[in-house]
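Read through the structure below, which is laid out as structure tokens, and then see the notes.
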Amino acid sequence: MPKTPPGQTRNRVFRFVRDRLLRGDSPSLREVQQHFGFRAVETVRAHLTALVEEGRLVKEPGRARGYRLPKRQPKRLSAPVPDWSSGRLQPVPLLGEVAAGGFEEAIENPEGNLPVEIPDSRDLSDYFALRVRGESMSGAGILPGDTVIVERRGKPVSGQIVVALLEEDATVKRLHLGQHGMELRPENPDFDTLRPPPGSCRILGRVVELRRQIR
Numbered sequence: 257m258p259k260t261p262p263g264q265t266r267n268r269v270f271r272f273v274r275d276r277l278l279r280g281d282s283p284s285l286r287e288v289q290q291h292f293g294f295r296a297v298e299t300v301r302a303h304l305t306a307l308v309e310e311g312r313l314v315k316e317p318g319r320a321r322g323y324r325l326p327k328r329q330p331k332r333l334s335a336p337v338p339d340w341s342s343g344r345l346q347p348v349p350l351l352g353e354v355a356a357g358g359f360e361e362a363i364e365n366p367e368g369n370l371p372v373e374i375p376d377s378r379d380l381s382d383y384f385a386l387r388v389r390g391e392s393m394s395g396a397g398i399l400p401g402d403t404v405i406v407e408r409r410g411k412p413v414s415g416q417i418v419v420a421l422l423e424e425d426a427t428v429k430r431l432h433l434g435q436h437g438m439e440l441r442p443e444n445p446d447f448d449t450l451r452p453p454p455g456s457c458r459i460l461g462r463v464v465e466l467r468r469q470i471r
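So the sequence shown is numbered by the working numbering: it starts at 257 and just counts up by one.
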């Protein structure tokens with residue numbers, strides 16, 4: 257198969273395995289290999305191992321087709337994860353919408369508050385919530401209509417999912433800080449990585465929780 261960035265190929269592998277699991281049919285390594293045209297089955301094993309490490313799949317030891325979906329959303333939305341063992345429910349403001357695509361106009365339309373468990377060591381003013389529109393973060397489990405809880409505190413770290421602001425436009429993406437500057441990477445191969453000019457982009461905060469309404 258044509259060479260693509262590892263994250264894009266892994267997202268495709270995840271979606272294929274996820275769809276099979278949702279139908280109650282766990283694929284074998286050979287089936288994944290044949291579907292994507294990988295030369296070696298070890299390539300499949302490497303992608304699946306990485307997906308387990310990211311929390312997007314669970315491997316049951318001793319079973320040839322022992323992969324399954326986690327019961328909860330992956331805990332890879334932010335790193336490091338705060339200690340929530342001692343916290344309290346507090347009203348966090350829902351400020352409106354943020355795009356999960358390119359930079360788009362941030363829609364600030366306060367819609368009240370959401371109850372969120374805030375660690376005792378944190379300040380309530382460091383948190384806000386936004387509703388997501390767009391599909392660029394679907395590979396990380398963030399879908400249109402979801403609500404993300406964002407924490408302002410702390411210096412952004414490469415690998416975190418963040419809300420970024422460029423002038424009046426905002427987006428939610430995975431942050432990468434490298435020698436060539438800042439990149440805002442999607443978790444959907446249909447979207448491009450964003451590379452804002454140096455000094456033009458501000459990180460508003462990192463995503464620490466995801467809310468979804470079951471309809």
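All C-beta atoms, glycine included, are put in the ideal place defined by N, C-alpha and C.
Predicted model only: the values in this text are computed from it and were never measured.
Check: Short check: CB of residue 418 to CB of residue 462, under 7 Å?
Finding: Within the sequence shown, numbered from 1, the residue matching residue 418 stands at position 162. Within the sequence shown, numbered from 1, the residue matching residue 462 stands at position 206. The answer is yes: Cβ separation under 7 Å.
Next item on the list: Starting from the C-beta of residue 402, find all residues in its chain whose C-beta is less than 7 Å away, skip the five residues before and the five after it, and write them out in chain order.
Entry: As a working note, residue 402 is residue 146 in the sequence shown. Excluding residues within five positions, the ones whose Cβ falls inside 7 Å are 388, 466, 467 and 468.
Check: Where does the unbroken alpha helix (DSSP H) through residue 301 begin, and where does it stop?
Finding: Position 45 of the sequence shown, counting from 1, holds the residue named residue 301. First-last of the alpha helix (DSSP H) with residue 301: 297-309.
Next item on the list: Kindly confirm or deny that the region 368-388 and the region 450-458 touch, where touching means at least three C-beta pairs closer than 8 Å.
Entry: no
Check: Per DSSP, what kind of secondary structure is residue 272 in: helix, strand or coil?
Finding: For the purposes of this step, residue 272 is taken as residue 16 along the sequence shown, with counting starting at 1. Reduced to three states, the DSSP call for residue 272 is helix.
Margin query: So, at 6 Å on beta carbons, what are the nonlocal neighbours of residue 347 in its own chain, with the 5 sequence-adjacent residues on each side left out?
Written below: Walking along the sequence shown from the start, residue 347 turns up at place 91. Closer than 6 Å at Cβ, skipping near neighbours: 369.
Note to self: I'd like the span of the beta strand (DSSP E) that includes residue 436, first residue to last.
What the structure shows: For the purposes of this step, residue 436 is taken as the residue at position 180 of the sequence shown. First-last for residue 436: undefined, no H or E at that position.
Margin query: Looking at the ligand MN, does it come within less than 6 Å of residue 269, judged from the CB to the closest heavy atom?
Written below: This structure lacks the ligand MN, and indeed carries no ligand of any kind.
Next item on the list: Below 6 Å CB to CB, which residues in the same chain sit around residue 434 once its five sequence neighbours on both sides are set aside?
Entry: What you label residue 434 is simply residue 178 of the sequence shown in a count that begins at 1. Correct list: empty, nothing qualifies.
Checklist line | Residue range of the alpha helix (DSSP H) that includes residue 463 | finding: One-based indexing of the sequence shown puts residue 463 at position 207. Run containing residue 463: none in the alpha helix (DSSP H); it sits in the beta strand (DSSP E), 457-467.
Item checked: Minimum length 3: unbroken beta strand (DSSP E) runs contained in the region 376-401 -> 383-389
Margin query: So residue 308 and residue 300 are supposed to be a Cβ contact under 8 Å. How far apart are they, rounded?
Written below: Along the sequence shown, read from residue 1 onward, the residue named residue 308 stands at position 52. Along the sequence shown, read from residue 1 onward, the residue named residue 300 stands at position 44. With a Cβ gap of about 13 Å, residue 308 and residue 300 do not count as contacting.
Item checked: Simplified DSSP state of residue 370, which is helix, strand or coil -> In the sequence shown, the residue the question calls residue 370 occupies position 114. If DSSP states are grouped into helix, strand and coil, residue 370 belongs with the strands.
Next item on the list: Tell whether a beta-carbon distance below 7 Å holds between residue 351 and residue 325.
Entry: Against the sequence shown, residue 351 aligns to sequence position 95. Against the sequence shown, residue 325 aligns to sequence position 69. No; because the gap between Cβ atoms is not below 7 Å, this pair is not in contact.
Margin query: Check for me: the beta strand (DSSP E) holding residue 407 runs from which residue to which?
Written below: Locating residue 407 in the sequence shown gives position 151, counting from the first residue. Run containing residue 407: 403-407, per the beta strand (DSSP E) assignment.
Margin query: On the DSSP letters alone, give me the boundaries of the alpha helix (DSSP H) that residue 288 sits inside.
Written below: In the sequence shown, counting from the first residue as 1, residue 288 sits at position 32. Note, residue 288: alpha helix (DSSP H), 285-292.
Checklist line | Other residues of its chain near residue 322: CB distance less than 7 Å, five sequence neighbours each side excluded | finding: Sequence index remark: in the sequence shown, residue 322 carries index 66 (1-based). Same-chain partners within the cutoff: 315 and 316.
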